[in-house]
Amino acid sequence: MLDNAAFSDPQRERLLFARRLLVGALVTVVLSIVLILRYFDLQISRHEDFATQSNKNRVLVRPLPPQRGLIYDRNGLLIADNRPSYDLTIIPERTEDMDQLISDLSELIDISERDIQRFRKNLKRRRPYEQTALHFNLSESERAILAVNGHRLAGAETSARLDRYYPFHDLFAHVVGYVGRINERESQNIDPVKYSGTDSIGKIGLEKYYQQQLLGTVGSEQVETNARGRVMRVLEKNPAVPGDNLTLYLDSNLQREVYKAFAGKRGALVAIEVETGGILAMVSAPSYDPNLFVSGISQKNYDSLLYSKDRPLFDRAIRGQYPPGSTIKPLFGLAALESKAISTDFTIEDNGFFYFKGIERPWRDHNSAVGGHGSGVGLARAIVESCDVYFYELGVRTGIDMLAKYAAEFGLGHTTGIDMPGERPGIMPSRAWKKGARGSSWFNGDTINVSIGQGFMLTTPLQLAVMSARIASRGDVRTPRLVKAINGVDLNADSEIGKIDIDQRYWDYVHQAMKDVVHSPHGTARKINHNLGYTIAGKTGTAQVISIGAEEKYDSSTIDKRQWDHALFVAFAPVENPKIAIGLIVENGEHGGLVAAPIAREVFDAYMQSQQPASMANR
Amino acid sequence: MHRNDFVRQLTSPGGDRRRARAMHIDIPLLLILLVLCGIGLAVLYSASGESISYIKRQATFMLVGLISMIAIAQLTPRFWQRWSIFIYLGGLLSLVVVLFFGVGAKGAQRWLDLGFTRFQPSELMKIAVPMMISAYLSNHYLPPRFKHVLIATAAALLPVFLIARQPDLGTSLIVFSSGFFAIFLAGIGKRYLISTGLLAVAAIPIMWFYVLLDYQKQRVLTLLAPEDDKLGAGWNIIQSTTAIGSGGLGGKGWTQGTQSQLNFLPESHTDFIIAVLAEEFGLIGVLTLMLVYLLLIGRCMVIALNAQTMFSRLVAGTLSLTFFVYIFVNMGMVSGILPVVGAPLPFISYGGSAIVTLFSGFGILMAISTEPKRI
Chain Y
0 MLDNAAFSDP QRERLLFARR LLVGALVTVV LSIVLILRYF DLQISRHEDF
50 ATQSNKNRVL VRPLPPQRGL IYDRNGLLIA DNRPSYDLTI IPERTEDMDQ
100 LISDLSELID ISERDIQRFR KNLKRRRPYE QTALHFNLSE SERAILAVNG
150 HRLAGAETSA RLDRYYPFHD LFAHVVGYVG RINERESQNI DPVKYSGTDS
200 IGKIGLEKYY QQQLLGTVGS EQVETNARGR VMRVLEKNPA VPGDNLTLYL
250 DSNLQREVYK AFAGKRGALV AIEVETGGIL AMVSAPSYDP NLFVSGISQK
300 NYDSLLYSKD RPLFDRAIRG QYPPGSTIKP LFGLAALESK AISTDFTIED
350 NGFFYFKGIE RPWRDHNSAV GGHGSGVGLA RAIVESCDVY FYELGVRTGI
400 DMLAKYAAEF GLGHTTGIDM PGERPGIMPS RAWKKGARGS SWFNGDTINV
450 SIGQGFMLTT PLQLAVMSAR IASRGDVRTP RLVKAINGVD LNADSEIGKI
500 DIDQRYWDYV HQAMKDVVHS PHGTARKINH NLGYTIAGKT GTAQVISIGA
550 EEKYDSSTID KRQWDHALFV AFAPVENPKI AIGLIVENGE HGGLVAAPIA
600 REVFDAYMQS QQPASMANR
Chain R
0 MHRNDFVRQL TSPGGDRRRA RAMHIDIPLL LILLVLCGIG LAVLYSASGE
50 SISYIKRQAT FMLVGLISMI AIAQLTPRFW QRWSIFIYLG GLLSLVVVLF
100 FGVGAKGAQR WLDLGFTRFQ PSELMKIAVP MMISAYLSNH YLPPRFKHVL
150 IATAAALLPV FLIARQPDLG TSLIVFSSGF FAIFLAGIGK RYLISTGLLA
200 VAAIPIMWFY VLLDYQKQRV LTLLAPEDDK LGAGWNIIQS TTAIGSGGLG
250 GKGWTQGTQS QLNFLPESHT DFIIAVLAEE FGLIGVLTLM LVYLLLIGRC
300 MVIALNAQTM FSRLVAGTLS LTFFVYIFVN MGMVSGILPV VGAPLPFISY
350 GGSAIVTLFS GFGILMAIST EPKRI
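Top to bottom, those sequences are chains Y and R. Each residue of the first sequence is one higher than the last, beginning at 0 in numbering that gives the first Met the number 0. Each residue of the second sequence is one higher than the last, beginning at 0 in numbering that gives the first Met the number 0.
Here it is in structure tokens:
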């Protein structure tokens, strides 16, 4: 191997290198020509195409957010409106120094750390030359301050926007709900195109349930900008389509009466138009002002609502689950009659206690202390005077399967399907339910508890109202609805979807018994029958908050007020031609007849008055 | 350091050229570089949305680069020849360290945090690899034998793979070409060249299925059909070709490019800055820049031809050819004839370490150009 190559030859090496470098230089020239040809091709041969393309880029498409649909009550009163509000926005491309600008602005108006954080986060997901909000809801004086200092705040602008406004404040809070800023989780589930330019979304209540309809369709405008992105002219405008307007079955006047009646109390009332299933009034007390949430509630306000002992944010009407107590007695009476477990002639002797074979401990009547309801107690009297012992016997004779079957038909134990999000199903216990939920078999003792609406049984005020409406209409099954019409077109949701099959005689019998609850001198709600110009059928109820032993006596003076019994009442009116049916509960109200029934009377009075304004005025 | 490492200071009686030579400054090279820096700052001003702070920072980088260039030029090529192996090994070590302890952005680990400053080892390798291979090959008789070619190839490929792992395809491509050019210029036989070429072709499917990551494959596919992915990877290419094409012959005027000013052009102040130049100054601007670049490369090749030692020749030739690779890769990718890899346009794109590296390379060229003739 050590041949003549071993002799170093600098001259030869140098020549070889020069030849190679020449090759390199040639390749460089050739590739340079390739590059030049490419740029020539783009810039000269295809210049026209690209110039057109680039001009298209100067045309920006800007979203035009739609106006959110309005919500009216049945009389055309506006209960959810849009009002202009002003935001401080920034277009970063037009600012010199963002940090400096923000600190300048902070000196002029009150900008919180939270504002700045949200602003910086939103900056990352915006398009070039799109304005990003730094601070919402400028006051009049803040707008004036910004206008005066505008010349030294390049890039900052005041921009107008429509914000949701609820003129009735707390009156419809739980029903209508509210809109709020789209949060991160929501932004992942929405179509960004449909929501471009829109920054609020229905969070709860009708605003959430009808979000799609209320939103509207986003429009757009094509604008030509100069090289700095400033709009020179609008080329084409494709206006936004406002969201659908909703008309509710709700009656603001009735709602206000109900809300007034609950002043200082906790509870809920739902009133249903019997003919249609439409919700006439739906109140959960206490309430809150939904306007607080529209442009972001302060932590302090939110905490005070969230941690209040009275739980104003909790919608008791559809989410509160309470034992129905004696309010289910008419329903179970109908179930027992229709299933032939008892007849209308069947009577018992009630001495205040009910013994079941094989169980030593007796079940107590609510008036066991005065020796029960006496002898010859039939179904009618058991409803009118609310005799528990009769219903223990009735429950055992009818059996849980039959009770559960009819309860389900009257709307208990499952969601009613109302057009509201977050409704709770309550519990109508059955053999299958107990096996699944508790893992044990059903005992007769369970049936006895259920037959007076206690034990495992839970219902929402909405379910009580639905049950009441189905009794009132003699078995017409209608889904409760809040929205009557969309854009003035009736939804026809009032068409009946089923019929509970019960003999007319039994309807008559139970209606009469419920009427006597109010109108007879022994009725548990007799307190509300004075000067009554129409007829009311009802049933009182008392739901235990704490369990009382058979031998113990419930004594409100010895227990905390928050553990007092809940007072319940279901009713409809007028009895002959039922128009309105209600279910209501007053938390810790103790007695249905004394606390809950008077509220029903006020509501019925207001409703009956509104039905015949002309004839009332003539009288 | 030897006393000999510093070139003897010739007492030169008058004449700018001779005085410059005494300071180890190659006047034509320096002038061309200053022109490039000027063009760079002007285009950057427009591309950064007329940001003074960008210009200040870039000018500072350029100043630091100029100072390092002049400092490096004071050391003789012999010094660099002797130390190249250690610089290379140090660079290799820091590349390994960067894989484990590196910091970085956008999913790539490229930096070593030294506390007071951050250091990018792959930048160092752009100079260390050609120097080390040139030093190694020039120690043996040329043309190199098979054994030497093999060792030189291994020395080049090792850092290439380490850099590709970061992943930084653009830099590893530069380092690879610098190694290749050094071996090529050393006079490697034609048989080797042809067989290497065939091997490279054979390696394409292997690279595609086993080495390239999904996003890298996507970039190649995007090159072939950018319209298929309008909003994703194709967006950059569509917007950059639109910017270039709409510039036409004379351009839209400085700071008047709508594509770049309206933020349609991504990375407009870094890798895609040539599109800003092409949009605002048109084909005339592009050709002018090309001319300046080719003058620079031409000057470097002259320096290579006139160099005193084989080492100097190889280093100078390699650096000039590699410099063209920067330009070709960047201008090719922005105009849509090469896949998108991260490769800045020398002296025009914003970025500190790239500029300092470039100037350092030219510092070595200046040292070579002003090396006294050996008799």
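All C-beta atoms in this analysis are idealised placements derived from N, C-alpha and C, irrespective of residue type, glycine included. Since the structure is predicted, the reported quantities are computational estimates derived from the model, not experimental observations.
Close Cβ partners of residue i (< 7 Å) along its chain, the five nearest in sequence each way excluded
{"i": "Ser352/R", "result": "Gln119 and Glu122"}
{"i": "Pro361/Y", "result": "Phe352, Phe353, Tyr354 and Ala549"}
{"i": "Asn443/Y", "result": "Phe355 and Val395"}
{"i": "Pro255/Y", "result": "The residue you asked about is not Pro; residue 255/Y is Arg in the sequence shown. So the list reads Leu170, once near-sequence residues are dropped."}
{"i": "Gly592/Y", "result": "Thr523, Ala524, Lys526 and Thr539"}
{"i": "Ala334/Y", "result": "Thr397, Met401, Leu402 and Tyr405"}
Within chain R, partners of residue i - CB distance below 7 Å
{"i": "Ser472/Y", "result": "Within 7 Å Cβ-Cβ: nothing; Ser472/Y doesn't reach chain R, min ~57 Å."}
{"i": "Arg61/Y", "result": "Chain R residues near Arg61/Y: none, gap ~13 Å exceeds 7 Å."}
Neighbourhood of residue i by C-beta, 8 Å cutoff - its chain only, sequence neighbours within 5 removed
{"i": "Ile32/Y", "result": "none"}
{"i": "Asp288/Y", "result": "Tyr165, His168, Asp169 and Ala172"}
Bridge partners - residue i, DSSP secondary structure assignment
{"i": "His565/Y", "result": "Ala542/Y"}
{"i": "Ala368/Y", "result": "Paired residues: none, contrary to the question."}
{"i": "Lys259/Y", "result": "None; Lys259/Y has no bridge partner."}
{"i": "Ser219/Y", "result": "Pro62/Y and Asn237/Y"}
{"i": "Tyr38/Y", "result": "None, per the DSSP bridge assignment."}
{"i": "Ile65/R", "result": "The displayed chain sequence assigns Leu, not Ile, to residue 65/R. Leu65/R is not bridged to any residue."}
{"i": "Trp79/R", "result": "DSSP output for Trp79/R lists no bridge partner at all."}
{"i": "Asp631/Y", "result": "Limits of chain Y in this structure are 0 at one end and 618 at the other, which puts residue 631/Y out of reach."}
{"i": "Ile89/Y", "result": "Thr131/Y and Ala155/Y"}
DSSP three-state assignment for residue i, whether helix, strand or coil
{"i": "Arg61/Y", "result": "strand"}
{"i": "Phe571/Y", "result": "strand"}
{"i": "Ser307/Y", "result": "coil"}
{"i": "Ile581/Y", "result": "strand"}
{"i": "Ser251/Y", "result": "helix"}
{"i": "Leu336/Y", "result": "helix"}
{"i": "Ser158/Y", "result": "strand"}
{"i": "Ala342/R", "result": "coil"}
{"i": "Ala306/R", "result": "coil"}
{"i": "Met281/Y", "result": "strand"}
Per-residue burial, residue i [other beta carbons within 10 Å of its own, 16 or more giving buried]
{"i": "Gln10/Y", "result": "exposed"}
{"i": "Asn290/Y", "result": "buried"}
{"i": "Leu448/Y", "result": "First, the residue type needs correcting, since residue 448/Y is Asn and not Leu in the sequence shown. Asn448/Y should be labelled buried."}
{"i": "Ala366/R", "result": "buried"}
{"i": "Pro238/Y", "result": "exposed"}
{"i": "Ser359/R", "result": "buried"}
{"i": "Thr459/Y", "result": "buried"}
{"i": "Lys251/R", "result": "buried"}
{"i": "Gln80/R", "result": "buried"}
{"i": "Gly263/Y", "result": "exposed"}
{"i": "Gln165/R", "result": "buried"}
{"i": "Lys328/Y", "result": "buried"}
{"i": "Tyr606/Y", "result": "buried"}
Beta-carbon proximity list for residue i, same chain, < 6 Å, skipping 5 on both sides
{"i": "Val60/Y", "result": "Ser219 and Gln221"}
{"i": "Ile417/Y", "result": "Pro479"}
{"i": "Ala132/Y", "result": "Asp86 and Thr88"}
{"i": "Val569/Y", "result": "Thr326, Leu463, Ser467, Lys538 and Gly582"}
{"i": "Arg119/Y", "result": "none"}
{"i": "Ser283/Y", "result": "His173, Ala267, Asp314, Arg315 and Ala316"}
{"i": "Asn329/R", "result": "Ala342 and Leu344"}
Within chain Y, the residues that residue i reaches when beta carbons sit closer than 7 Å
{"i": "Met300/R", "result": "Leu20 and Ala24"}
{"i": "Gln258/R", "result": "Ser53 and Asn56"}
Chain A within 7 Å of residue i, Cβ atoms only
{"i": "His173/Y", "result": "Protein chains in the displayed structure are Y and R, and chain A is not among them."}
Chain Y contact residues for residue i, given Cβ-Cβ distances below 8 Å
{"i": "Pro142/R", "result": "Leu15"}
Contact list for residue i against chain R, beta-carbon separation under 8 Å
{"i": "Asp48/Y", "result": "Gly244"}
{"i": "Tyr71/Y", "result": "What Tyr71/Y touches in chain R: nothing, since even the nearest Cβ is about 42 Å away."}
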